[in-house]
């Protein structure tokens with residue numbers, strides 16, 4: 001029975017064997033006719049050692065640079081995560097980058113292993129130094145699944161881009177499913193830990209940065225000459241490290257305030273306004289020519305523009321309140337730029353202004369704020385190129401100040417001649433859209449401001465009635481020896497020439513008024 005069952009199979013196997021023999025290169029030759037190899041077969045172990053590496057192998061020299069770049073990219077990603085959520089030093093500002101030579105020489109860059117980096121102190125021109133750091137992954141986990149995810153990410157650091165556990169830094173793998181890593185509250189509670197080699201031991205990054213800042217604090221504050229020499233020394237030493245790393249290869253280190261977003265809105269606003277120096281007033285004086293700068297003025301920690309860039313939600317809530325409640329202080333410059341940058345909507349929200357014009361107050365007002373008849377009468381020269389730029393600036397400031405409807409306009413009378421005050425106040429009241437209340441103050445050398453009431457003898461001229469003709473003649477007589485107070489034609493002329501020009505607009509120049517009356521009662525120019 002078995003022979004019958006297997007005979008067809010045996011015949012089939014015999015036929016297949018015959019066909020294979022015909023198709024083989026040695027078909028038709030006897031075993032004695034086959035060509036034997038003249039050399040012995042190579043040793044398997046020797047052959048495998050001399051064979052070229054696989055194209056995907058990390059030992060392939062063609063892949064070495066790529067692997068180093070992948071390692072550097074992942075380490076920089078971990079450093080960036082640490083920099084966004086760490087126990088920061090309150091004073092240190094700088095950058096940290098990987099040392100290029102160490103990246104090439106080291107086999108792997110791993111979390112928890114020593115890594116040679118370059119630390120840059122932004123306080124100086126070029127202050128770089130080599131440090132050795134260890135960056136440890138987060139050790140606090142909200143759930144067991146997060147512990148598994150972090151272990152998977154640490155395993156992927158062992159062989160970048162070649163092992164089965166490789167994954168992009170912004171992906172997480174859980175039970176075979178790839179998904180975007182959410183910005184959950186549990187992630188916010190997880191902290192990397194960075195330690196830096198100091199002597200024979202290791203020091204936390206916060207303590208190391210504080211120590212570095214304090215060691216250079218005396219040079220920064222108390223010795224300008226020593227600071228310059230120290231800066232040159234650090235720059236010369238940093239050149240030995242080669243060119244500085246680019247921003248893409250560096251991680252910024254700055255002080256952090258983690259709990260800020262968790263604070264109540266009122267407390268956040270108070271912190272920001274205190275940092276910007278918005279304690280009811282904001283000093284925007286940038287010049288010291290013709291004005292008296294108060295000594296010992298503390299500079300605000302952040303500028304107003306920086307305050308408005310912190311958070312869009314906070315800005316939308318704070319902006320109108322700041323413009324309504326803040327008294328903005330200006331000197332001879334900066335006012336036009338402030339109005340222009342505020343925009344048409346925010347200009348209408350400005351309610352309080354204070355001017356510290358100093359001894360050039362009346363000249364400044366005639367140049368930019370006076371009615372056209374007054375300006376064309378004197379035309380104080382301004383060094384602009386082209387010459388017509390002066391008229392463009394004047395038209396610009398005239399249009400901008402008409403948008404201002406002020407609750408309070410404050411004038412610092414320090415260094416202003418008492419005879420110039422009536423004409424100066426009349427010009428300012430005619431230029432602005434409206435002024436509800438006019439105040440006068442005087443600032444001493446220490447920056448202390450004292451209110452000045454209308455009963456003060458220095459303001460006695462404001463209570464009297466004046467005409468534009470009278471005030472223009474007084475201005476001309478007081479400054480005849482100064483060529484920059486009016487145009488060149490008046491320098492050669494006489495008082496009669498000035499009166500002849502004013503006679504052409506008799507109604508405007510000869511109508512009496514008080515500088516303290518509302519703007520509507522001022523005589524209008526033709």
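Residue numbers (full-length UniProt numbering): 1 to 526.
Ideal Cβ placement from N, Cα and C applies to all residues, glycine included.
Beta-carbon contacts of residue i that lie in its chain and below 6 Å, excluding the five residues immediately before and after
i	result
residue 320	349
residue 254	93
residue 450	442
residue 89	206, 209 and 210
Contact set for residue i: own chain, Cβ-Cβ below 8 Å, skip 5 residues either direction
i	result
residue 260	268 and 271
residue 84	256
residue 323	342, 346, 349, 350 and 351
residue 286	331, 333 and 334
Proximity below 7 Å, CB of residue i to CB of residue j
i	j	result
residue 328	residue 282	yes
residue 126	residue 238	yes
residue 416	residue 440	no
residue 76	residue 96	no
residue 454	residue 409	no
residue 213	residue 138	no
residue 411	residue 432	no
residue 65	residue 234	no
residue 197	residue 251	no
residue 422	residue 466	yes
residue 459	residue 476	no
residue 128	residue 228	no
C-alpha distance - residue i paired with residue j, whole-angstrom precision
i	j	result
residue 301	residue 275	5 Å
residue 478	residue 424	14 Å
residue 332	residue 357	6 Å
residue 135	residue 117	11 Å
residue 115	residue 194	11 Å
residue 326	residue 375	31 Å
residue 110	residue 78	10 Å
residue 512	residue 426	12 Å
residue 236	residue 130	14 Å
residue 68	residue 345	53 Å
residue 379	residue 501	13 Å
residue 170	residue 81	In this prediction, residue 170 scores a pLDDT of 41, lower than 50, which makes its location untrustworthy; the coordinate-derived value is nonetheless stated afterwards. Spanning the two alpha carbons is a distance of roughly 11 Å.
residue 168	residue 72	Here the model assigns residue 168 a pLDDT of 39, short of 50, so the residue's position is not dependable, and the following value carries that caveat. The alpha-carbon atoms of residue 168 and residue 72 are separated by roughly 13 Å.
residue 165	residue 217	Annotation note: pLDDT 38 at residue 165 (below 50); position unreliable, coordinate value reported separately. Approximately 47 Å between the Cα atoms of the pair.
residue 516	residue 452	15 Å
residue 99	residue 206	21 Å
residue 403	residue 266	30 Å
residue 461	residue 472	15 Å
residue 316	residue 456	43 Å
residue 305	residue 273	12 Å
residue 492	residue 397	30 Å
residue 365	residue 280	26 Å
residue 510	residue 407	30 Å
Close Cβ partners of residue i (< 7 Å) along its chain, the five nearest in sequence each way excluded
i	result
residue 547	With the chain running from 1 to 526 in the structure shown, residue 547 is simply not present.
residue 284	328, 329, 330, 334 and 338
residue 381	484 and 487
residue 355	330, 411 and 412
residue 204	195
Residue i, DSSP secondary structure in three states
i	result
residue 254	coil
residue 514	coil
residue 127	strand
residue 391	helix
residue 89	coil
residue 111	coil
residue 208	helix
residue 379	coil
residue 306	helix
residue 134	strand
residue 116	strand
residue 68	helix
residue 414	coil
residue 335	helix
residue 311	coil
residue 491	helix
Residues that DSSP places opposite residue i in a beta bridge
i	result
residue 202	197
residue 451	441
residue 408	352 and 437
residue 94	121 and 253
residue 317	Partner(s): none; residue 317 has no beta bridge.
residue 330	355
residue 281	327
residue 587	Because residue 587 is not part of the residues shown, which for the chain are 1 to 526, the question remains open.
Closer than 7 Å to chain C by CB, residue i
i	result
residue 515	In the structure shown, chain C does not exist; there is a single protein chain.
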